[in-house]
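Let me begin by presenting the structure, written as structure tokens, before commenting on it.
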Amino acid sequence: MRIIVVDNYEEMSKKAAMMIASQIMLKPDSILGLATGDTPLGMYKELILLYNKNEVDFKEVTTFNLDEYYGLNRENPQSYYSYMMANLFNSININMENINVPRGMAKDVKAVCSDYEDKIKQASGIDMQVLGIGGNGHIGFNEPDVNFEAETHLVNLNVQTIEANSRFFDSIEDVPVKAISMGIKTIMNSKKILLLANGIGKAEAIAKAINGKISPKVPASIIQLHNDVTIILDKEAASLL
Ligand code: GLP
2 MRIIVVDNYE
12 EMSKKAAMMI
22 ASQIMLKPDS
32 ILGLATGDTP
42 LGMYKELILL
52 YNKNEVDFKE
62 VTTFNLDEYY
72 GLNRENPQSY
82 YSYMMANLFN
92 SININMENIN
102 VPRGMAKDVK
112 AVCSDYEDKI
122 KQASGIDMQV
132 LGIGGNGHIG
142 FNEPDVNFEA
152 ETHLVNLNVQ
162 TIEANSRFFD
172 SIEDVPVKAI
182 SMGIKTIMNS
192 KKILLLANGI
202 GKAEAIAKAI
212 NGKISPKVPA
222 SIIQLHNDVT
232 IILDKEAASL
242 L
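When we follow this note's numbering, the leftmost residue of the sequence shown carries the number 2, and every step to the right adds one.
So this is what it looks like as structure tokens:
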């Protein structure tokens, strides 16, 4: 596990974007696992800058997003699909057919989840998975629980997550209470993991994930068992290490 501590959010974002750009340079048809939330926004901005300078080419890249709210249309501005379009995909030369975000409006959720898993397998797995971390230690939408959920599945979001994510909605009642998320095995099968965290609000979750007991109560702690993890933290997120 490589832990890189930088001064601030901007530096974290630049380093993370450089890592993704290098991955694409080494393997132009890379399969990327992508995250949403506030944390990777700066990284996506940096990637767009690199693309505009012709330093990275997304033509052959395929992406799989970690998760999506259940019950939101893709067109809903709060959906993670809309987030990805607005913050990355609309500004780069990715082939729209190579973008994968779980279908949040699916009638047959089980089929959607198993199709998502199959598609990742058919693509020969994820080369580099970007992760943020919830204040409660969640990755994707794998909430603290008594078990690790292996594959892509429907999740009941917990109160802390609903409250944390209500900042993106008009009111807390508008926040979906369920989501579709890659499972822990899906994430752990990625060849490389790149976890980003910034701000004091993430310090406790980061300390537990890196130095704590491996437990489904802190889902991110499982990455201690992965053999190619890079964690980029600002000083605040690293302050309890
Ligand atoms: C969200 C997402 C995660 C994200 C995390 C942290 O609920 N499902 O993929 O990493 O919570 O979000 P943020 O980066 O906004 O702190």
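Ideal placement from N, C-alpha and C gives every residue a C-beta, glycine not left out.
Inter-segment contact for the segment 85-96 and the segment 51-70 is present: three or more beta-carbon pairs are separated by less than 8 Å. Pairing residue 207 with residue 134 gives a Cβ-Cβ distance under 9 Å. In this structure, residue 209 lies away from residue 198, with their beta-carbon atoms at least 9 Å apart. In this structure, the C-beta of residue 39 approaches the ligand GLP to less than 8 Å from one of its heavy atoms. The count of Cβ pairs closer than 8 Å, one atom from the segment 225-236 and one from the segment 5-17, reaches three, so the stretches are in contact. Per DSSP, reduced to three states, the secondary structure at residue 69 is strand. Residue 54 is classed as exposed because its beta carbon has fewer than 16 other beta carbons within 10 Å across all chains shown. Taking each of 50, 37 and 143 in turn and checking the Cα distance to residue 179, the smallest one comes out for 143.
Non-local C-beta neighbours of residue 6 in its own chain, meaning closer than 7 Å and more than five positions away in sequence, comprise 234, 236 and 239, ordered along the chain. When only Cα atoms are considered, residue 33 and residue 110 end up about 23 Å apart.
If you draw a 10 Å sphere on the C-beta of residue 141, you find 16 or more other C-beta atoms in it, and that means buried. Under DSSP, residue 179 shares a beta bridge with 157. The DSSP-derived three-state label of residue 198 is strand. The beta carbon of residue 11 is closer than 7 Å to those of 43 in its chain, skipping five residues each way along the sequence. Between residue 136 and residue 219, the gap from beta carbon to beta carbon reaches 9 Å or more. When only Cα atoms are considered, residue 79 and residue 47 end up about 22 Å apart. In this structure, residue 124 places its C-beta atom within 9 Å of the C-beta atom of residue 65. Under the DSSP assignment, residue 119 falls outside any beta strand (DSSP E), being part of the alpha helix (DSSP H) whose first and last residues are 110-123. Under a 10 Å Cβ-count criterion, residue 203 is classified as buried, with 16 or more other Cβ atoms of the shown protein chains found around its own Cβ. In this structure, the CA atom of residue 77 is about 16 Å from the CA atom of residue 91. Beta-bridge analysis with DSSP links residue 63 to 32.
Around the beta carbon of residue 181, 16 or more other beta carbons lie within 10 angstroms, which makes this residue buried. Counting along the chain, the unbroken alpha helix (DSSP H) around residue 42 starts and ends at 42-53.
Contact between residue 217 and residue 145 is confirmed by a C-beta separation of about 7 Å, below the 8 Å threshold.
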